[in-house]
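Numbering-wise, the working numbering comes out as the position in the sequence shown, counting from 1, plus 11.
Don't be surprised by glycine CBs; every beta carbon is placed ideally from N, CA and C.
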Amino acid sequence: MYQKFIKKILSLQLLTINEIEQLCEKVIEILIKESNFPNISSPVSVCGDIHGQIFDLVDLFRREGDPSKQKYIFLGNYVDRGEYSTECIFLLIIYKILYPSNIFLVRGNHEQKNISKTYGLYHETLKKYNVNIWRLLCEVFSFFNIGCIVDGRIFCVHGGISPKTISLDKLKRLNRFVINANNEYEDILWSDPHDDKGFKESNRHKGFLFGGDVSNIFLECNDLTNIIRSHQFAFEGYKFHFPDRNVVTVWGAPDYLGKFGNPGSFMKVEEDLEISCQRLVIYNNAIRNVDNMKDLYSEKY
């Protein structure tokens, strides 16, 4: 059944309402059993914002390996801005159902109801389906992980850290099903690194800017070594922050919106906790097509 759904998605055919409801019901059963911050053993690939770029998501799997054999952590912002938000999120939901120990879905700020209503997902679901599908997806998003910890040492989240707590244990106890304005969860979704010290108000009007000094305090207090996050466009596909280079931004959408000519990237965490950046190449629009996606899985499915 799920293989049939994948074939439809890779052909850019719409799933039926009943099929979507089945997927969402099943994935919620899986997600609700997971903790806020599941501990993931390496090796694992950590992937940044996708923003509805289905062709590039499929190319990531082509390059790095099928989720049946390779572990992935996705850091949120699957939807909005790009044309194929529903295809991206449905494909990832299916993989989560098929390989729940190999696919981990962290929530990004664009998986908040008010943001997805403004920046694309809402209008895409109205065009392709109906408003109830958007509401159903928003419900699914509320079950996504706040973050993941790789081998107990690498902190993987969408945005960053919060001035309201340096305790990972407290973050693990948050109610992830509700994001309250100005609480730690919202900060994790919205915060960004900056070159100054300490925490400062963000021009996003949500979250905070955090410096290398406070990120070091957070890491040391929780016996962590690195922070891998996304949330910000990186023209080179990734960006290491601070003199210690222990915070890195990873961006997963090559040639973002077809305008910027940037590579994408993902971070490969090896068994010795070595972190390496793997770039995703930019394809021209002639290669970003349905036939290219179908060819990827023609042998398997």
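- With a cutoff of 7 Å on beta-carbon distance, residue 156 and residue 121 are scored as not near each other.
- Counting only the Cα atoms, residue 60 lies some 21 Å from residue 53.
- Taking 7 Å as the cut-off, the beta carbon of residue 166 is found closer than this to the beta carbon of residue 238.
- Residue 65 counts as buried, since no fewer than 16 other beta carbons sit within 10 angstroms of its beta carbon.
- Listed in chain order, the non-local C-beta contacts of residue 252 below 6 Å within the same chain comprise 204, 258, local neighbours out to five positions each way being set aside.
- Residue pairing for residue 86: DSSP places it in no beta bridge.
- Per DSSP, residue 125 lies in no beta strand (DSSP E); the unbroken alpha helix (DSSP H) holding it starts and ends at 124–130.
- DSSP, reduced to helix, strand and coil, places residue 278 within a strand of the structure shown.
- DSSP, reduced to helix, strand and coil, places residue 62 outside both helices and strands of the structure shown, so it counts as coil.
- In the structure shown, residue 56 adopts extended strand secondary structure according to DSSP, grouped into three states.
- Counting of Cβ neighbours within 10 angstroms places residue 273 among the buried residues, the total reaching 16 or more.
- Taking 7 Å as the cut-off, the beta carbon of residue 84 is found no closer than this to the beta carbon of residue 48.
- Residue 260 is bridged by DSSP to 240, 250.
- Between the region 219–228 and the region 170–179, the count of Cβ pairs shorter than 8 Å is three or higher; the stretches touch.
- As the crow flies, the alpha-carbon of residue 63 is around 6 Å from that of residue 91.
- One alpha carbon belongs to residue 261, the other to residue 247, and they sit about 9 Å apart.
- Judged by DSSP secondary structure, residue 270 falls outside any alpha helix (DSSP H); it is assigned neither H nor E.
- Under the three-state reduction of DSSP output, residue 189 falls in the coil class, being neither helix nor strand.
- Taken through DSSP and simplified to helix, strand or coil, residue 284 comes out as coil.
- The beta carbons of residue 50 and residue 160 sit closer together than 7 Å.
- Judged by their CB atoms, residue 105 and residue 16 are nearer to each other than the 7 Å cut-off.
- Between the alpha carbons of residue 215 and residue 12 lies a gap of roughly 42 Å.
- Taking 7 Å as the cut-off, the Cβ atoms of residue 241 and residue 169 count as close.
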